[in-house]
Amino acid sequence: MDFSLSSEQEMIRDSVNRFVEKDYSFDKYLDTVKTDAQMQPKTWQQFAEFGWLGQPLSETAGGYGGNAVDTSLIAEGLGNGLVLEPYIANIVFAGNLIALAGSSSQQEALVGPLVEGNKQLAVAFAERISRYNPAWCATTAQASDDGYVLNGEKHGVVNGANAETFIVSARTGGNAGETAGISLFLVDANTPGLTIRSYKTLGGGTAAELTLNEVTLSDDALLGAPGEGFAPLERALDYAIAAACADALGAMKAMLKRTAEYAGQRKQFGVPIGSFQVIQHKLVDMFIEVEQSTSMVLQAAVQADNDDRVTRRKAIAGAKAYINKSSKFVAQWAVQLHGGIGVTEELDVGHYFRRLTGFNLQYGDREYHLKQFAALSCDIEANAEQRAAA
Amino acid sequence: MNLDFSPEEKQFQQEVRSWMQANVPTQKKPGAMGYHSRDDQMAWEQLLGKQGWLASNWPTEFGGPGWNATEQHIFDEERAAAGGAITSPFGLTMLAPVLMKFGSPAQQERFLPKIAKCEELWCQGYSEPGAGSDLASLKTAAIRDGNEYVVNGQKIWTTQGHWADWIFCLVRTDNEGRKQQGISFLLIDMKTPGIEVRPIHTIDGEHHLNEVFFTDVRVPAENLVGEEGQGWTIAKYLLSHERTCIAGVAGSKAGIEGLKKLLANTPTETGTRLDDPTVRQRIAELEVDLMALEFTNFRTLDKMAKGQPPGAESSGLKIKGTELQQALTEARVELGGDDSLPWHNEEEIGHAEYNNASLAYNFLRASTIYGGSNEIQKNVIAKFLVAL
Ligand SMILES: Cc1cc2nc3c(=O)[nH]c(=O)nc-3n(C[C@H](O)[C@H](O)[C@H](O)COP(=O)(O)OP(=O)(O)OC[C@H]3O[C@@H](n4cnc5c(N)ncnc54)[C@H](O)[C@@H]3O)c2cc1C
Numbered sequence: 019m020d021f022s023l024s025s026e027q028e029m030i031r032d033s034v035n036r037f038v039e040k041d042y043s044f045d046k047y048l049d050t051v052k053t054d055a056q057m058q059p060k061t062w063q064q065f066a067e068f069g070w071l072g073q074p075l076s077e078t079a080g081g082y083g084g085n086a087v088d089t090s091l092i093a094e095g096l097g098n099g100l101v102l103e104p105y106i107a108n109i110v111f112a113g114n115l116i117a118l119a120g121s122s123s124q125q126e127a128l129v130g131p132l133v134e135g136n137k138q139l140a141v142a143f144a145e146r147i148s149r150y151n152p153a154w155c156a157t158t159a160q161a162s163d164d165g166y167v168l169n170g171e172k173h174g175v176v177n178g179a180n181a182e183t184f185i186v187s188a189r190t191g192g193n194a195g196e197t198a199g200i201s202l203f204l205v206d207a208n209t210p211g212l213t214i215r216s217y218k219t220l221g222g223g224t225a226a227e228l229t230l231n232e233v234t235l236s237d238d239a240l241l242g243a244p245g246e247g248f249a250p251l252e253r254a255l256d257y258a259i260a261a262a263c264a265d266a267l268g269a270m271k272a273m274l275k276r277t278a279e280y281a282g283q284r285k286q287f288g289v290p291i292g293s294f295q296v297i298q299h300k301l302v303d304m305f306i307e308v309e310q311s312t313s314m315v316l317q318a319a320v321q322a323d324n325d326d327r328v329t330r331r332k333a334i335a336g337a338k339a340y341i342n343k344s345s346k347f348v349a350q351w352a353v354q355l356h357g358g359i360g361v362t363e364e365l366d367v368g369h370y371f372r373r374l375t376g377f378n379l380q381y382g383d384r385e386y387h388l389k390q391f392a393a394l395s396c397d398i399e400a401n402a403e404q405r406a407a408a
Numbered sequence: 036m037n038l039d040f041s042p043e044e045k046q047f048q049q050e051v052r053s054w055m056q057a058n059v060p061t062q063k064k065p066g067a068m069g070y071h072s073r074d075d076q077m078a079w080e081q082l083l084g085k086q087g088w089l090a091s092n093w094p095t096e097f098g099g100p101g102w103n104a105t106e107q108h109i110f111d112e113e114r115a116a117a118g119g120a121i122t123s124p125f126g127l128t129m130l131a132p133v134l135m136k137f138g139s140p141a142q143q144e145r146f147l148p149k150i151a152k153c154e155e156l157w158c159q160g161y162s163e164p165g166a167g168s169d170l171a172s173l174k175t176a177a178i179r180d181g182n183e184y185v186v187n188g189q190k191i192w193t194t195q196g197h198w199a200d201w202i203f204c205l206v207r208t209d210n211e212g213r214k215q216q217g218i219s220f221l222l223i224d225m226k227t228p229g230i231e232v233r234p235i236h237t238i239d240g241e242h243h244l245n246e247v248f249f250t251d252v253r254v255p256a257e258n259l260v261g262e263e264g265q266g267w268t269i270a271k272y273l274l275s276h277e278r279t280c281i282a283g284v285a286g287s288k289a290g291i292e293g294l295k296k297l298l299a300n301t302p303t304e305t306g307t308r309l310d311d312p313t314v315r316q317r318i319a320e321l322e323v324d325l326m327a328l329e330f331t332n333f334r335t336l337d338k339m340a341k342g343q344p345p346g347a348e349s350s351g352l353k354i355k356g357t358e359l360q361q362a363l364t365e366a367r368v369e370l371g372g373d374d375s376l377p378w379h380n381e382e383e384i385g386h387a388e389y390n391n392a393s394l395a396y397n398f399l400r401a402s403t404i405y406g407g408s409n410e411i412q413k414n415v416i417a418k419f420l421v422a423l
């Protein structure tokens, strides 16, 4: 085992930190969080210049071919800096899905603009009842003479306010809950029959509710093979979850740092509150959770690139389940130890708090991921086979 | 020992319930953390006042209904269950007991009737930027000048300060001796020249709190409650009252019932969310905690009714009560899943109740900070426990 970063990876990390320090002050965040888009085109262009937009996408698809550890370093830095721009939804999730499932002409049409910062995408897979499960797809795609007709509703589509094109999952066969029979479609935001209701989300970012009413698409809107959309969807979602965990870790580290500093400065009863042992121990608990979460982010990032589904899925579901809990712990105690100032809009701590609550609710809550994990880990026979094979 | 309501209490419960059912719907619907405007708040409280029920914790001699602890509890539970907003505590449950015990007859006559009818709203001016948990280190100065005090300084975290007609303040009238000894309790008209109120926005994105600045504010000396230097004794008396009402039993009870209904109304792949065993377990955990809290609350109220002052129990109630409020609002947010994500969105996305869940969750992070933080409450209890 080797946990050291390569020199390129150190450069990536430093470049994000430098960007946050120089160009993404708390005031910049406050300006951005006021906007409906929750992003600024100029900032997005900077991302393109730094190469972050192409980094997570494979070279064959037109990206720069970095691995998921590289991506997690970028995401962690953005979370640490309270950066709002939709890096994970647009690039890590939607971009990877194009890279994984798209034909070469689709990749050519979309990945280039994406890498240059000229394209906004969103993946529309969740439905009102699906409760995070990407296989629960009731939206239908009926084959017609020269294409497909889509009907249904999509829910909580992250980056929905900005997306010019949606990647929509719809059934060409099978029933809701089954992995087979799900197909992916590229649907432009202005397609007749598509209604978009977008809104801001807790902790920053946007989402949308989509209604598809007789949305008529030509054959070339199909992304990947018909009925086989689930595997790339799940895989791209895993990339997104790994990156979201890294983003959360960045926010947790920021909160720990601020709280430890504050405890050293804030005086009550004539002494810094950090001299009280209850406060010290709570800070220690926060520190330990940050350490554990760092490990979970690392293993999730390494395994996100693993082709073995069980190993990958356990790493991802485990990380999300763990960090949903640990980030909540760190966020809640950071607020508590700040006292009154911690619950205000004036201090960034409250904004990190909301970001982490939002993280908890996106891409699967703890309950969902524990169930996913249990389904994989409690199959004793499969475990034995896997160990024998390893 | 008997844990049932008496026949009279049951009848009383019916009476309150039908009144609430008839009257709560005539009022504006409160937001996640109560009303957003002074007018809505006052309209609701004045309605209760007309019925003689606003000052629900007051004895008859001061114009209250004279209810015993059980009746007060029933009243509060029925109010919460019907969705009636919580009343502003500053005049009713904080200042009023202080005036009854320490105020002059003239002060009682001047202020209590207007509180009981909600003709005036109050706020609490205790905390300062440098004096939070260590309240006794407060600096806002009141210097006697003839028949007036001249007040200079700053208060912070003043809930409803932008609504209030009056503020009760802890001020420093003496810098000698122990810092607790130089504190006095002063009533100040918010319209007095020299007072400036600035808003503070909390992490639910709303305006509940304020900073209040005092520059050469002249206050009639008759507005001093008790004697000069008695402020700390009065403050401690007030805090014990604040802590029991902060347990929020009625609100949590209504919240848990509301959450069950909401879950029963949330469809899943096979039925509703309330059918899910993991969800049921979470609800049961909340409800069992509520049960323990409710009866601990009864025990404390019983003790107070028998004339014994609440001791460490009120700190324990505050801790468990606020932890339950937080666990409940956290459960609502998490069980809402991505329906809890829309942020201050006017249009309903799925269930509005989930959409708004994060507002109460965010705001109530403060419940373990205000009214004496839970760490401070633990210090209080520890003093009872550990013989040093
Ligand atoms: C929403 C809200 C409403 C409020 N409303 C009012 C109001 O209407 N009027 C009013 O006067 N005040 C009000 N307050 C103020 C409230 O009473 C104070 O915030 C509280 O006393 C804590 O003080 P602080 O914020 O200065 O935190 P600090 O005292 O600085 O505390 C910071 C942290 O240190 C911990 N700590 C401090 N001392 C110790 C110790 N000895 N041992 C262990 N831990 C310790 C605290 O528990 C906390 O976690 C309100 C506060 C909030 C958040």
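Chains as they are written, first to last, in the numbering used here: chain Y, 19 to 408; chain B, 36 to 423. We put the CB at the ideal spot given by N, CA and C, even for glycine.
| field | Collapsed DSSP secondary structure at N103/B in the structure displayed | value | Taking the first residue of the second sequence as position 1, residue 103/B is located at position 68. Residue state, collapsed to three classes: coil.
| query | Is A207/Y closer than 8 Å to T183/Y when the C-beta atoms are compared? | reply | For the purposes of this step, residue 183/Y is taken as residue 165 along the first sequence, with counting starting at 1. For the purposes of this step, residue 207/Y is taken as residue 189 along the first sequence, with counting starting at 1. Closer than 8 Å, so yes.
| message | Taking the straight line between their C-alpha atoms, what separation do you get for Q56/Y and L102/Y? | response | In the first sequence, counting from the first residue as 1, residue 56/Y sits at position 38. In the first sequence, counting from the first residue as 1, residue 102/Y sits at position 84. So the two alpha carbons sit approximately 6 Å from each other.
| For L301/Y, does the three-state DSSP call read helix, strand or coil? | Against the first sequence, residue 301/Y aligns to sequence position 283. Of the three classes helix, strand and coil, the one that applies to L301/Y here is helix, per DSSP.
| said: Using 8 Å for Cβ pairs, my map puts V315/Y next to L267/Y. What's the rounded Cβ distance? | reply: Numbered from its first residue, the first sequence carries residue 315/Y at position 297. Numbered from its first residue, the first sequence carries residue 267/Y at position 249. With 8 Å as the limit, V315/Y and L267/Y qualify as a contact, their Cβ atoms being about 5 Å apart.
| message | I'd like the list of long-range same chain contacts for I384/B, defined as Cβ closer than 7 Å, with 5 residues on each side in sequence excluded. | response | Mapped onto the second sequence, residue 384/B falls at position 349. Excluding positions up to five away in sequence, the list reads D374, P377, N390.
| Name the chain B residues that come within less than 8 Å of L301/Y, Cβ to Cβ? | Start at 1 with the first residue of the first sequence, and residue 301/Y comes out as number 283. Near L301/Y there are no residues of chain B at all, since even the closest Cβ is about 13 Å away, more than 8 Å.
| task | Ignore the nearest five residues each way along the sequence and tell me which others in V353/Y's own chain have a CB closer than 8 Å to its CB. | result | Reading the first sequence from its first residue, position 335 is the one you call residue 353/Y. So the qualifying residues of the chain are G360, V361, V367, G368, F371.
| task | Please list the segments of the alpha helix (DSSP H) lying wholly inside the stretch 289 to 327 of chain B, counting only runs of 4 or more residues, in order along the chain. | result | none
| query | Given I30/Y, which residues of its chain have a CB within under 7 Å of its CB, disregarding the five upstream and five downstream residues? | reply | The residue labelled residue 30/Y in the question sits at position 12 within the first sequence. Taken in chain order, the residues that qualify are D88, L91, I92.
| Buried versus exposed, by CB contacts within 10 Å (16 or more), D383/Y | In the first sequence, counting from the first residue as 1, residue 383/Y sits at position 365. Burial call: buried.
| Boundaries (first-last residue) of the alpha helix (DSSP H) holding L255/Y | Taking the first residue of the first sequence as 1, we reach residue 255/Y at position 237. Taken as a continuous stretch (DSSP letters only), the alpha helix (DSSP H) holding L255/Y covers 248 to 283.
| said: Distance check for F248/B and G229/B, CA to CA, integer angstroms please. | reply: Counting from one through the second sequence, the residue named residue 229/B turns up at place 194. Counting from one through the second sequence, the residue named residue 248/B turns up at place 213. If you take the alpha carbons of G229/B and F248/B, they lie about 8 Å apart.
| message | In the DSSP assignment, the alpha helix (DSSP H) including H236/B goes from what residue to what residue? | response | One-based indexing of the second sequence puts residue 236/B at position 201. No alpha helix (DSSP H) holds H236/B; the beta strand (DSSP E) holding it covers 230 to 236.
| task | Count the other CB atoms, across all protein chains shown, that sit within 10 Å of the CB of D111/B; report buried if there are 16 or more and exposed otherwise. | result | The count along the second sequence starts at 1 and reaches residue 111/B at position 76. D111/B should be labelled buried.
| task | Within its chain, find whatever has a CB closer than 6 Å to the CB of S402/B; leave out the 5 residues flanking it on each side and keep chain order. | result | Walking along the second sequence from the start, residue 402/B turns up at place 367. Excluding sequence neighbours, S402/B sits near T357, Q360.
| message | For L220/Y, which residues in the same chain have their Cβ closer than 8 Å to its Cβ, ignoring the five residues on either side in sequence? | response | Your numbering for residue 220/Y matches position 202 in the first sequence. R372, T375, G376, L379, listed in sequence order.
| request: Give the secondary structure of N401/Y by DSSP, where H, G and I count as helix, E and B as strand, and everything else as coil. | output: The count along the first sequence starts at 1 and reaches residue 401/Y at position 383. Three-state DSSP puts N401/Y in a helix.
| Counted within 10 angstroms of its Cβ, other Cβ atoms place M36/B as buried (16 or more) or exposed | Within the second sequence, numbered from 1, the residue matching residue 36/B stands at position 1. Answer is exposed; the Cβ neighbour count stays below 16.
| request: State the start and end residues of the unbroken alpha helix (DSSP H) segment that holds E126/Y. | output: The residue labelled residue 126/Y in the question sits at position 108 within the first sequence. From DSSP, the alpha helix (DSSP H) with E126/Y extends over 122 to 133.
| said: Taking 8 Å as the limit between beta carbons, can you name the residues of its chain near T307/B, skipping five residues before and five after? | reply: Taking the second sequence and counting its residues from 1, one reaches residue 307/B at position 272. Excluding residues within five positions, the ones whose Cβ falls inside 8 Å are L298, A299, N300, T301.
| said: Helix, strand or coil for G372/B? Go by DSSP, reduced to three states. | reply: Taking the second sequence and counting its residues from 1, one reaches residue 372/B at position 337. G372/B: helix per DSSP, three-state reduction.
| said: In the DSSP assignment, the beta strand (DSSP E) including W157/B goes from what residue to what residue? | reply: Numbered from 1 along the second sequence, position 122 holds the residue referred to as residue 157/B. Unbroken beta strand (DSSP E) run through W157/B: 157 to 160.
| field | contact_flag[the stretch 39 to 47 of chain B, the stretch 409 to 420 of chain B] where n(CB pairs < 8 Å) is 3 or more | value | no
| field | Same chain, Cβ closer than 7 Å to M55/B, five either side skipped, listed in chain order | value | Translated into positions along the second sequence, residue 55/B becomes position 20. Cβ neighbours of M55/B beyond the five flanking positions: E113, R114, A117, G119.
| query | Hey, is the stretch 326 to 346 of chain Y in contact with the stretch 207 to 224 of chain B, meaning 3+ C-beta pairs nearer than 8 Å? | reply | no
| Per DSSP, what kind of secondary structure is D74/B in: helix, strand or coil? | For this step, residue 74/B is matched to residue 39 along the second sequence. Three-state result, D74/B: helix.
| Alpha carbon to alpha carbon, how far is V176/Y from Y82/Y? | Mapped onto the first sequence, residue 176/Y falls at position 158. Mapped onto the first sequence, residue 82/Y falls at position 64. Each residue's Cα considered, the two are about 24 Å apart.
| Anyone know if the C-beta pair for G84/B and W93/B falls short of 8 Å? | Position 49 of the second sequence, counted from the start, is the residue given in the question as residue 84/B. Position 58 of the second sequence, counted from the start, is the residue given in the question as residue 93/B. Contact: no.
| message | Is there a C-beta anywhere in chain B that falls below 8 Å from the one on R372/Y? | response | Here residue 372/Y is taken as the residue at index 354 of the first sequence, counted from 1. Yes, because at least one Cβ of chain B sits closer than 8 Å to the Cβ of R372/Y.
| field | Terminal residues of the alpha helix (DSSP H) in which Y386/Y lies | value | Taking the first sequence and counting its residues from 1, the one referred to as residue 386/Y is at position 368. Counting along the chain, the alpha helix (DSSP H) containing Y386/Y begins and ends at 384 to 395.
| query | Which residues mark the beginning and the end of the alpha helix (DSSP H) in which R327/Y is found? | reply | The residue labelled residue 327/Y in the question sits at position 309 within the first sequence. Counting along the chain, the alpha helix (DSSP H) containing R327/Y begins and ends at 327 to 356.
| Simplified DSSP state of Y405/B, which is helix, strand or coil | In the second sequence, the residue the question calls residue 405/B occupies position 370. It is coil, neither helix nor strand.
| Looking only at DSSP bridge pairs, what is H242/B linked to? | Taking the first residue of the second sequence as 1, we reach residue 242/B at position 207. BP columns for H242/B point to H236/B.
| request: Determine the burial state of V421/B: buried for a count of at least 16 other Cβ atoms within 10 Å of its Cβ, exposed for fewer. | output: In the second sequence, the residue the question calls residue 421/B occupies position 386. So V421/B ends up on the exposed side.
| said: Would you call the stretch 237 to 252 of chain B in contact with the stretch 50 to 69 of chain B, where contact means no fewer than 3 C-beta pairs closer than 8 Å? | reply: yes
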